[in-house]
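Enquirer: The structure that follows is given in the form of structure tokens.
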Amino acid sequence: MLHSSGQSAVFRFAPSPNGHLHLGHAYSALLNHDMAQESSGRLLLRMEDVDLTRCTPEYEASIYRDLEWLGLRWEMPVRRQSEHLNDYAVALERLREMGLVYPAFMTRGEVKAIVAEREESSLEWPRDPDGSPQYPDRDRQLSDVEREQRLASGIRHAWRLDMDKAVCGIGQPLTWRETGGGAERLVTADPSAWGDVVLSRSDAPSSYHLSVTVDDALQGVTDVVRGIDLFHATSVHRLLQELLGLPQPLYHHHRLILDEEGRKLSKSEGATGLAALREAGSSPADIRRRVGL
Ligand code: GLU
Numbered sequence: 001m002l003h004s005s006g007q008s009a010v011f012r013f014a015p016s017p018n019g020h021l022h023l024g025h026a027y028s029a030l031l032n033h034d035m036a037q038e039s040s041g042r043l044l045l046r047m048e049d050v051d052l053t054r055c056t057p058e059y060e061a062s063i064y065r066d067l068e069w070l071g072l073r074w075e076m077p078v079r080r081q082s083e084h085l086n087d088y089a090v091a092l093e094r095l096r097e098m099g100l101v102y103p104a105f106m107t108r109g110e111v112k113a114i115v116a117e118r119e120e121s122s123l124e125w126p127r128d129p130d131g132s133p134q135y136p137d138r139d140r141q142l143s144d145v146e147r148e149q150r151l152a153s154g155i156r157h158a159w160r161l162d163m164d165k166a167v168c169g170i171g172q173p174l175t176w177r178e179t180g181g182g183a184e185r186l187v188t189a190d191p192s193a194w195g196d197v198v199l200s201r202s203d204a205p206s207s208y209h210l211s212v213t214v215d216d217a218l219q220g221v222t223d224v225v226r227g228i229d230l231f232h233a234t235s236v237h238r239l240l241q242e243l244l245g246l247p248q249p250l251y252h253h254h255r256l257i258l259d260e261e262g263r264k265l266s267k268s269e270g271a272t273g274l275a276a277l278r279e280a281g282s283s284p285a286d287i288r289r290r291v292g293l
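Note that the UniProt record's numbering has the sequence shown beginning at 1, numbered continuously upward.
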């Protein structure tokens, strides 16, 4: 299929090498592969390894092994996010120049304490679509002098997006084109539901939201096919695309493969791991059947 730009469609599978692949990843990778083939498009593989504390070369090697075994082929070189930190730093700097980011100094424990205190008095603290408490506005309210003093003191900090300001700057309702679950429809994005999202941390120089948005644009991705668990995150990606002047891909959020109890698979579970299934005698065709392809 040709996109409006006249270019062929570009799909990507973007695992994080912080664990072994399981049936859920197999479904996502195979679906990307099949959709790329159906539209005579390209398939890219991207290693989302910005979290330097959790990603390892061993997991990365096991991902290549599992995907090759499934019969997938992808274009080389594979983009490894850890090799492109400067691209995310440039995007962050642009947002900083627009006055849309601020340094956030609170530790997880401090945030938890504030939330607990509020909830003890039966006042609900706003939570993001993943159920985590939104970041309190204390750091956003700091005076310039206080902020500079804290930065100069060298204390650890993250950089967060000033969500209210960013959404105000857009000034129009944000939407995305979605093909998951049937015919193409327009979804209204609601980035405010996330509060002031993290864009960079001291131990992970770029957040998932920032690097995925920058990379999809830099790699010319036209079709983002990923699990429905990332559906709401798309609101943040659409906002960042608008702020940074990046094109918007077409989105397809697919069903998740669940375990017998109906829970999302986790990377630590051996029984649904691709390597374990391979060792137990499953074939790539068995995997396709098990995930319903
Ligand atoms: N790296 C993400 C994950 O492994 C997927 C990101 C995406 O497809 O947008 O869950």
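Even for Gly, the Cβ is constructed at its ideal location relative to N, Cα and C.
Return yes when the C-beta of A204 is under 7 Å from any heavy atom of the ligand GLU, and no when it is not.
Expert: Every heavy atom of the ligand GLU is 7 Å or more from the Cβ of A204, so no.
Enquirer: Which residue's Cα is closest to the Cα of H33: Y135, L43 and R263?
Expert: The shortest Cα separation from H33 among Y135, L43 and R263 belongs to L43.
Enquirer: Under the assumption that R185 contacts L250 (Cβ atoms under 8 Å), give the Cβ distance between them as a whole number of angstroms.
Expert: Actually they do not touch by this definition, with Cβ atoms about 11 Å apart.
Enquirer: Tell me which residues share the same chain as W69 and place their Cβ nearer than 8 Å to its Cβ, disregarding the 5 neighbours each side in the sequence.
Expert: Only L274, R278 and P284 meet the Cβ criterion.
Enquirer: For my contact list, residue 298 and H253 are in at a C-beta cut-off of 8 Å; report their separation, rounded to the angstrom.
Expert: The chain is shown from 1 up to 293; residue 298 falls before or after that span and cannot be answered.
Enquirer: Would you mind sorting Q141 into buried or exposed? The rule is 16 or more other CB atoms within 10 Å of its CB.
Expert: Exposed, because fewer than 16 other Cβ atoms sit within 10 Å of the Cβ of Q141.
Enquirer: Hey, D128 and A189: beta-carbon distance below 8 Å or not?
Expert: For D128 and A189, no; Cβs fall outside 8 Å.
Enquirer: In chain order, what are the residues with a CB under 6 Å from some non-hydrogen atom of the ligand NAP?
Expert: The ligand NAP is absent from the structure shown, which contains only the ligand GLU.
Enquirer: In the structure shown, what three-state DSSP assignment does P57 receive?
Expert: In the structure shown, P57 sits in a helix (DSSP, three-state: H, G or I).
Enquirer: Within the same chain, show all residues whose beta-carbon is closer than 8 Å to that of V111, passing over the 5 residues directly before and after it, in chain order.
Expert: Counting only Cβ-Cβ distances below 8 Å, and skipping sequence neighbours, we find P133, Y135 and P136.
Enquirer: Would you mind stating whether V90 and R46 have Cβ atoms separated by less than 8 Å?
Expert: No; because the gap between Cβ atoms is not below 8 Å, this pair is not in contact.
Enquirer: Per DSSP, what kind of secondary structure is G24 in: helix, strand or coil?
Expert: DSSP places G24 in helix when its eight states are reduced to three.
Enquirer: Determine the burial state of residue 373: buried for a count of at least 16 other Cβ atoms within 10 Å of its Cβ, exposed for fewer.
Expert: Beyond the ends of the chain as shown, which are 1 and 293, falls residue 373; an answer cannot be given.
Enquirer: Per DSSP, which residues does E119 bridge with? Please list them.
Expert: E119 pairs with nothing; no bridge assigned.
Enquirer: Quick check: what's the CA-CA separation for K165 versus E48?
Expert: The alpha-carbon atoms of K165 and E48 are separated by roughly 28 Å.
Enquirer: Please say whether I228 and G171 have beta carbons closer to each other than 8 Å?
Expert: In this structure, I228 does not lie closer than 8 Å to G171 by Cβ.
Enquirer: Would you say L95 and A29 are within 8 Å of each other, going by their C-beta atoms?
Expert: No, these two residues do not count as a Cβ contact at 8 Å.
Enquirer: Pull up the distance between the alpha-carbon of G220 and that of Q241, whole angstroms please.
Expert: So the alpha carbons of these two residues sit roughly 13 Å apart.
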